[in-house]
Amino acid sequence: MPLIDTHTHLDFPDFDPDRTSVLARSRALGVGKMVVLGVCQANWQRLWELVQTDRQLYAAFGLHPVYLDQHQPQHVRELEAWLDRLAGHPQLCAVGEIGLDYWLPELDREAQQQVFEAQLTLAAEAKLPALLHVRRSHAPVIATLKRFRLQRGGVIHAFAGSREEAREYIKLGFKLGLGGAPTWPQALRLRKVIADLPLESIVLETDSPDMAPSMYPNQRNSPEHLPAICEALALAMGISAPELAAASTANACELFGWEAQ
């Protein structure tokens, strides 16, 4: 059951003690390609050095809204330089993690919007997908995307919106990233929403080391948990795990321009 983890943070220090063995265990379970996302200028070099050690790791670079206080105006220009320098490299796959976070009250919304739009501009210029963090901010994100109309769309990471919001994102060319959140018993509304999603709109992810599924509570999340996440989500959607795995893998390959697995 080949799987692609479309959202990981394998470069985080959480994995320093056993990153090699995590990758080996994940691959043994069928998790092949993995996308590692940048969150601030300070981790881009570390991230790139990591993906260069493994041909099935892919990099996305971005300025995450949660780290807003760390971002400087010149970091957008540095991101542009990274994207220009690596243009066409097979292991550069997207701009991300970027977006809007309205859940944390201390994050200035106007400043977030400025950084978000600057990075969407770079994604459009580089003709890359955008991998989006959207928390309590679906309406402004959708409105912004309608203005930018990215040629290659992207992924709404950890999608937890409504059916109507899902339809809007799909119309804008975005896939919906599903991971550990819908596996929890209290996620009743979300499970009803994902049961209605078209298979061609879904990609799977872990967000490791965060957002552990219900099967691994209070643990570091890992790409090796993706098969269990796939099983749980398939059950909620009323389909088989191999069917969900095949669809999500095909969708990820289409989005990132990879050969079908």
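Per my numbering, the sequence shown starts with residue 428, numbered consecutively.
For every residue, glycine included, the Cβ atom is placed at its ideal position computed from N, Cα and C.
Review point. Helix, strand or coil: how does DSSP classify V449 here?
Key: Position 22 of the sequence shown holds residue 449. V449: helix per DSSP, three-state reduction.
Review point. For the putative contact between H491 and E524, defined by C-beta atoms under 8 Å, what is the C-beta separation to the nearest angstrom?
Key: Numbered from 1 along the sequence shown, position 64 holds the residue referred to as residue 491. Numbered from 1 along the sequence shown, position 97 holds the residue referred to as residue 524. With 8 Å as the limit, H491 and E524 qualify as a contact, their Cβ atoms being about 5 Å apart.
**Study point:** Rounded distance between the beta-carbons of L624 and L603, thought under 8 Å
**Key:** Here residue 603 refers to the residue found at position 176 of the sequence shown. Here residue 624 refers to the residue found at position 197 of the sequence shown. Contact between L603 and L624 is confirmed by a C-beta separation of about 6 Å, below the 8 Å threshold.
Review point. DSSP three-state call for S635: helix, strand or coil?
Key: Indexing the sequence shown from 1 puts residue 635 at position 208. Secondary structure of S635 (DSSP, three-state): strand.
Check your understanding: How do the segment 447–465 and the segment 483–499 stand: do at least 3 beta-carbon pairs fall below 8 Å, yes or no?
Key -> yes
Practice item. Look up Y643 in the DSSP assignment and say whether it is helix, strand or coil. Key: Taking the sequence shown and counting its residues from 1, the one referred to as residue 643 is at position 216. In the structure shown, Y643 sits in coil (DSSP, three-state: anything other than H, G, I, E or B).
Check your understanding: Counting only runs that start and end within the segment 528–614, where is the beta strand (DSSP E) found for 3 or more residues in a row?
Key -> Unbroken beta strand (DSSP E) runs of no fewer than 3 residues, entirely contained in the segment 528–614, are found at 557–562, 581–584 and 601–605, following chain order.
Practice item. Return the residue from the list R536, E670, P636 and Q646 that minimises the CA-CA distance to P440. Key: Taking the first residue of the sequence shown as 1, we reach residue 440 at position 13. Measuring from the Cα of P440, the nearest candidate turns out to be P636.
Check your understanding: According to DSSP, is V496 helix, strand or coil?
Key -> The count along the sequence shown starts at 1 and reaches residue 496 at position 69. The identity of residue 496 in the sequence shown is Asp, whereas the question assumes Val. D496: helix per DSSP, three-state reduction.
**Study point:** Beta-carbon proximity check, L484 vs K460, cutoff 9 Å
**Key:** Sequence index remark: in the sequence shown, residue 484 carries index 57 (1-based). Sequence index remark: in the sequence shown, residue 460 carries index 33 (1-based). Yes, Cβ-Cβ distance for L484 and K460 is below 9 Å.
Point to revise | Helix, strand or coil at T433 according to DSSP, with G and I counted as helix | key: Reading the sequence shown from its first residue, position 6 is the one you call residue 433. It is a strand residue.
Exercise for review: With a threshold of 16 other CB atoms inside 10 Å of the CB of L531, please say whether the residue is buried or exposed.
Suggested key: On the sequence shown, position 104 is the one that residue 531 refers to. Looking at its Cβ environment, which holds fewer than 16 other Cβ atoms inside 10 Å, L531 is exposed.
Practice item. State the DSSP-derived secondary structure class of M664, mapped to helix, strand or coil. Key: The residue given as residue 664 occupies position 237 in the sequence shown. M664: helix per DSSP, three-state reduction.
Point to revise | Bridge-paired residues (DSSP) for F488 | key: If you number the sequence shown from 1, residue 488 lands on position 61. F488 is bridged to V522.
Point to revise | Touch test, the segment 659–669 against the segment 599–614, Cβ-Cβ under 8 Å, three pairs minimum | key: yes
Exercise for review: Can you tell me which of Y596, G588 and E632 puts its alpha carbon nearest to the alpha carbon of R618?
Suggested key: Counting from 1 along the sequence shown, the entry for residue 618 is found at position 191. Cα-wise, what sits closest to R618 is G588.
Point to revise | Nearest-angstrom beta carbon gap, T433 and V620 [assumed within contact, 8 Å] | key: The count along the sequence shown starts at 1 and reaches residue 620 at position 193. The count along the sequence shown starts at 1 and reaches residue 433 at position 6. Contact check for V620 and T433: beta-carbon distance about 19 Å, past the 8 Å limit, so the pair fails to qualify.
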